[in-house]
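A.B. asks: Pasting a structure here, questions to come.
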Ligand code: CP
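Numbering (this note's numbering), first residue to last: 1 to 329.
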């Protein structure tokens, strides 16, 4: 981990007591804090697999600012905020006054004047949520819902909750992340979280063109071959091919990719017999993953979506509490 990045990230995210006040990145957060997010999320799950209604944010306003498309993240943030009894506003960026030339900063000031308590931000530019967190008035919590290829911390934490609930202690687990690592904010946030939570081994598997050069420095094992990379793994996480972020032709084509790196039943035969399969979605069947694997008994893909509500409830509640604590000083 790059120490100065980690230090800057945690300085902006934490209040004077070391509590979360924004959630921008998993990088630089302690094992205790990541575990607290998971434990808090567990507290919102009931024994029947449902999500509790807990009115911790009654009277608060959560604003979803999504500058990029989203199905799972935006919707589960909305459900999470409603389960906490917050008011939720989904700002339609394409119809907002930024399309008339208003700057992002002016838009934020106007939304603040409407008594926002939380901004949930997805943006195509890496660092946009950090910028917003540095600009907003101190009472407002900013949650990163995915920025460029940099970070997607709530996705990483819902993946950690899925792994902890279904695969067990991180210390015993070898986890492989497969596919378009180069453009993946999910992979970066997962790697930081898995390392902090003590995973036994983290692997990335993909074609050389989709593997960032610096990943070995992050302490992960890099594989360009599925048979070698999947051997003995406990958890296999397939990623979406991010065509929208490819600045040039880095892949020969979808069918060639599937032929070499698609997650199929046949390829999973070398993994641990109880291997669990995950994917952050949206999935491309027959590109990253075989339908029978995505829908099969080892797949946790829809559980991930469900746990996303509990994790987002945890992060919303913790960030608002962290802001309240900070502003009480
Ligand atoms: N996993 C994920 O971020 O999905 P959405 O783009 O649908 O939010």
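We put the beta carbon where it would ideally sit given N, CA and C, even for glycine. Fair warning: this is a prediction, and the values are worked out from it, not measured in the lab.
#1: Beta-carbon within less than 8 Å of residue 71's beta-carbon, same chain only, minus the 5 sequence neighbours each way: which residues are those?
#2: Taking the Cβ atom as the reference point for each residue, do residue 63 and residue 141 lie within a distance shorter than 8 Å?
#3: Taking just the CA atoms, how far does residue 86 sit from residue 54?
#4: For residue 326 and residue 22, what's the separation of their Cα atoms in angstroms?
#5: Grab the span of the alpha helix (DSSP H) containing residue 182 for me, first residue to last.
#6: For the beta strand (DSSP E) containing residue 61, name the first residue and the last one.
#7: Just list the alpha helix (DSSP H) runs in the segment 290-320, keeping only unbroken ones of 4 residues or longer that don't cross its boundaries, in chain order.
#8: Taking the alpha-carbon positions, what's the residue 289 to residue 106 distance?
#9: Taking the alpha-carbon positions, what's the residue 156 to residue 27 distance?
#10: Just to confirm the assignment, what range does the beta strand (DSSP E) spanning residue 123 have?
#11: Using a Cβ-Cβ cutoff of less than 7 Å, which residues in the same chain neighbour residue 178 once the five nearest sequence positions on both sides are dropped?
#12: Verify the contact flag: residue 123, CB atom, against every heavy atom of the ligand CP, threshold strictly below 7 Å.
#13: Comparing C-alpha positions only, which one of 195, 319, 126, 305 sits nearest to residue 158?
#14: Residue range of the alpha helix (DSSP H) that residue 107 falls in?
#15: By alpha-carbon positions, which one of 13, 163, 59 ends up nearest to residue 199?
#16: Quick check on DSSP: helix, strand or coil for residue 58?
#17: List the DSSP bridge partners of residue 270.
#18: Out of 10, 32, 13, 82, which has the shortest C-alpha to C-alpha gap to residue 196?
#19: Suppose contacts are defined by Cβ-Cβ distances below 8 Å. Is residue 161 in contact with residue 182 by that definition?
#20: To the nearest angstrom, how far is it from the Cα of residue 1 to the Cα of residue 168?
#21: Taking only the alpha-carbon atoms, compute the straight-line gap between residue 256 and residue 192 and give it to the nearest angstrom.
#22: In three-state terms, what does DSSP make of residue 156?
#23: Excluding the five sequence neighbours on either side, which residues of its own chain have a C-beta within less than 6 Å of the C-beta of residue 318, listed in chain order?
#24: For residue 16, which residues of its own chain have a beta-carbon under 6 Å away from its beta-carbon, when the five flanking residues on both sides are left out?
#25: According to DSSP, which residues form a beta bridge with residue 23?
#26: Taking C-beta to C-beta, are residue 270 and residue 230 nearer than 8 Å?
#27: Report yes if the CB atom of residue 184 is closer than 8 Å to the CB atom of residue 149, and no otherwise.
#28: Could you check the C-alpha separation between residue 46 and residue 310 for me, to the nearest Å?
#29: Under the criterion of a Cβ to heavy atom distance below 7 Å, does residue 312 qualify as lining the ligand CP?
#30: Hey, is residue 71 close to the ligand CP, as in C-beta under 7 Å from one of its heavy atoms?
C.D. replies: So, to answer that:
#1: 281, 282
#2: no
#3: 10 Å
#4: 12 Å
#5: Looking at the DSSP string, residue 182 is not in any alpha helix (DSSP H), and its letter there is neither H nor E.
#6: 61-66
#7: 291-294
#8: 43 Å
#9: 11 Å
#10: 118-123
#11: 205, 206, 236, 237, 238, 239, 261, 263
#12: no
#13: 305
#14: 104-113
#15: 163
#16: coil
#17: Bridge partners of residue 270: none, in fact.
#18: 32
#19: no
#20: Because residue 1 carries a pLDDT of 44, less than 50, the predicted location of this residue cannot be relied on, and no value is offered for it.
#21: 30 Å
#22: helix
#23: 20
#24: none
#25: 143
#26: yes
#27: yes
#28: 10 Å
#29: no
#30: yes
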